[in-house]
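Residue numbers (the numbering used here), protein chains in the order written: chain A, 7 to 486; chain B, 79 to 233. Input: a single structure, listed below in structure tokens.
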Amino acid sequence: MEGPSADFRRLHPFTFVHFVFLAIVGFVFAGVSSPEAGANVQRNSLIFAIMYATLTGPYAIAKYIMFRYHVTRDEIIIYYGVFKRVRRNIPSERIHTVSIERNLLARVLGTAAVKIETAGTGDAEGNLSYIGIREAERIKSLLRTAAQAAETTESATSPSFFMPIGRVLLSSVYQFSLGLTALLIGIFFQLESFGIVQSRAVIIWLIEQEFFRGTIADFWPLLAVLSLLIVLILGWALGFIQNLIRFYNFQIELGDTKIRRRFGLITLREGAIPYKRVQSFLLRSNPLMRLQDWYRLEIQTLGLQSGERGFQSGMPFAKLSEITGFAPRIRPFTIPDTYSRVSRLTIRRRSLRYSILILFSATAASLFWWPPAIWGLALLPAGWGFAWLQYRYHRWAYHAGNLLIRRRVISQQFWIVPVERFQAFEITATFFQRQLGLCTLIVDTAGAGNLRYPKIVDLRRDEADRLMAELYDAFQTEAI
Amino acid sequence: MRILDPAIKKVWTIKGAIAWIFLLPVTATVDVILLFSDNDTFLPGLWTGLLLMICFVWLLTIPRLRYRYWRYELREEDLYAVRGIWNRVQTTVPLRRIQHLDVAQDLIEENYNIARLVVHTAGTRSTDVVVPGIPYEEAVHLRDTVREFITNYMD
């Protein structure tokens, strides 16, 4: 294979600083073991950590030396690989997205990661991590200009939606992060096992004071309620911080062929989504947000960034009127005046499901905790109420070439799916649904997740067949 | 609507039996441990016997039921498939949405001269629609028919 010529450049030397930082993190994880562990475990951990540094260090140096790139208006060529040499040519006209990402360390060092994405893959096909920020801007400008020349001439874009700091802060108030809370609690218990924090000792000391005069066993209901409160407050605080960091300075601009976005406090994300990759819209909300008419608009794409699983933030926090004024410029849609409901039998089916679940849990609990477990049966009316709410919130409409579906009570979803974007049609019916003459209509689109996709649950069978025929006819005439 | 080749019942039975066999060492180990311990609660060989019984019932019923409810049809502009014992699924894949097609066959299927038609779309749920138990020649014919449709459509 022909090697790189003198025109080819190397990555920024500070790439090593990123590597050393990651290596230190890995070293700490591999080398540090609990003080309670035996001497053998500690020795083995240290040997593992030294082996990790010895093997990955030279490999990182070789990887850096072997990596070269060259950018022209026509293409970007990358040479890489230590054991297997690869030359990758990415023609400019195939490039859909050139994004620049800068995490905190990159911003301190004046570096950036450039990710080049093409159609047909969810992952970046070219990844220059890390190069100088000026070089990153040069590459982005060069490739963007070339890609635009290959398509139509892009007119000057104008800001279409911007989130001022006040709105970012307000949107953060509505957030809750369960994942981060679990992670932090995990770290906390790890620190407890190292003896760095000693919460258990503090709690025991507090309880033994004159005011309480007892043991943990005497105060466990109080401690359980307190723990739950702490978890809730922590989850809210972490959700607030995470949202603030993620959507700080969020702005989105609509060009002739692409949507450009720029946002982030610690990691600055910049990128573009071509209109032709937009599959559907998802408006998300929750009862609190909906009280004030706040929604989050997500744009489902063919999966530009694997981290976002095909859903890109379009408007992280906006009024419904703002969204209906903005999003139709990406793909046209209008909100209908009336919606259809699913069958009322859904209340019966869902109530039965919750009743079985509650009865089963109460019976299992009563084996260990009799008679208080019997109070679990008091949840039965709550289950029926929730089933009724699910029926109330679940609505759908086929309107002006779009299928609109509103569903879920707590984490509310409002789907707007253009009929020409359908990939496949599915009608499913479980055993219980079949007994009630019900079924679920699912439309498959590219880029939706396996857990989040548009569906109408508990339609009457004849109605589902009629709707599917109508959608399929529309698809036949509109889809390309 | 087309039904599958009846040979698929044997294929599913053999594949099911292979899958169940992997559980045998687990129950056999439990039974051997119990045999040499001071156990008087469980009968010797109870767990292995129970596993064999469930396996027998499963192999006798599930492949037949799956076969009974599987139907497919290549229509003018789409592929239509109905299947499922407990959860009945009815899928319509417009031919114009098919990205690529495979005719797949493993050793057991080859022995019975049947194949699977695997249809790939860009969708998420129905990325791969697999129609099993089609006679090999018919699967190849179906693939060529769909390919021709796509080629004409692209032109």
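C-beta: ideal position from N, C-alpha, C; glycine also. All figures in this text were calculated on a predicted structure; none of them were measured in a lab.
Within the same chain, Tyr180 come within 6 Å of methionine 295 of chain A by CB-CB distance, once the 5 residues on both sides are set aside. Looking only at A:Leu61, A:Ile53 and A:Ile67, the smallest Cα-Cα distance to phenylalanine 22 of chain A is reached by A:Ile67.
Going by beta carbons, methionine 169 of chain A and phenylalanine 246 of chain A fall outside the 7 Å limit.
Per the coordinates, the alpha-carbon of arginine 302 of chain A lies some 14 Å from the alpha-carbon of glycine 331 of chain A. For leucine 115 of chain A, the closest of A:Phe20, A:Arg100 and A:Ser166 by C-alpha to C-alpha distance is A:Phe20. In this structure the segment 346–354 of chain A does not lie against the segment 320–336 of chain A, because fewer than three pairs of beta carbons, one per stretch, are closer than 8 Å. Here the alpha carbon of arginine 100 of chain A sits roughly 34 Å from the alpha carbon of threonine 62 of chain A. Residue environment for proline 84 of chain B: exposed (fewer than 16 other C-beta atoms within 10 angstroms of its C-beta). Exclusion of the five residues before and after threonine 273 of chain A leaves Glu107, Arg108 and Asn109 as the residues of its chain whose Cβ lies within less than 7 Å of its Cβ. Residues of chain B whose Cβ lies closer than 8 Å to the Cβ of alanine 430 of chain A are, in chain order, Thr169, Thr170, Val171, Pro172, Arg175, Thr199, Gly201, Arg203, Ser204 and Val207. By the rule that beta-carbons nearer than 7 Å mark a contact, aspartate 450 of chain A touches chain B. For the C-beta of asparagine 165 of chain B, the chain A residues within less than 7 Å are, from N- to C-terminus, Thr434 and Thr436. Membership of aspartate 343 of chain A in any alpha helix (DSSP H) is not indicated, and neither H nor E is assigned to it by DSSP. Taking the CA atoms as reference points, methionine 57 of chain A sits about 59 Å from serine 327 of chain A. Among the residues of chain B, those whose CB is under 7 Å from the CB of alanine 454 of chain A are Thr202, following chain order.
Residue nearest to leucine 176 of chain A within the set A:Ile122, A:Ile193, A:Ala243 and A:Gly138 is A:Ala243 (criterion: CA-CA distance). Membership of serine 135 of chain A in the beta strand (DSSP E) is indicated by the continuous run 132–138. Distances from the CA of phenylalanine 437 of chain A to each of B:Gly162, B:Thr139, B:Phe100 and B:Leu128 were compared; the closest alpha carbon is that of B:Gly162. Per DSSP, reduced to three states, the secondary structure at arginine 335 of chain A is helical. Linking glutamine 396 of chain A to tyrosine 459 of chain A through their CA atoms gives a straight-line distance of about 17 Å. Excluding residues up to 5 positions away in sequence, Ala379 and Gly382 lie with their Cβ nearer than 7 Å to the Cβ of alanine 371 of chain A in the same chain.
Within the segment 156–197 of chain B, complete beta strand (DSSP E) segments of at least 3 residues are found at 156–161, 166–172 and 176–182, given in chain order.
Here DSSP, grouped into helix, strand and coil, assigns phenylalanine 27 of chain A to helix.
By the 16-neighbour rule on beta-carbons within 10 angstroms, lysine 282 of chain A is exposed.
For phenylalanine 287 of chain A, no chain B residue has a Cβ inside 7 Å of its Cβ, as the nearest lies near 16 Å away. For histidine 178 of chain B, the number of other beta carbons within 10 angstroms of its own is below 16, and it is reported as exposed. Contact check between the segment 463–471 of chain A and the segment 80–99 of chain B: fewer than three CB pairs, one atom from each, fall below 8 Å, which does not count as touching.
Residues of chain B whose Cβ lies closer than 9 Å to the Cβ of phenylalanine 481 of chain A are, in chain order, Pro172. Across the structure, tyrosine 190 of chain B and proline 141 of chain B are spaced so that their CA atoms are roughly 16 Å apart. Taking a contact to require three or more Cβ pairs closer than 8 Å, the segment 211–226 of chain B and the segment 190–200 of chain B qualify as touching. Valine 77 of chain A is positioned such that its CB atom lies closer than 7 Å to that of isoleucine 145 of chain A. Looking from the CA of glycine 389 of chain A, the closest CA among A:Arg412, A:Ile362 and A:Leu148 belongs to A:Ile362. Below the 8 Å Cβ cutoff, chain B contributes no neighbours of tyrosine 360 of chain A, its closest Cβ being approximately 19 Å away. One Cα belongs to isoleucine 86 of chain B, the other to alanine 217 of chain B, and the distance between them is close to 14 Å. Taking the Cα of glutamate 276 of chain A as reference, the smallest distance to any Cα among A:Asp299, A:Leu289, A:Arg252 and A:Asn292 is reached at A:Arg252.
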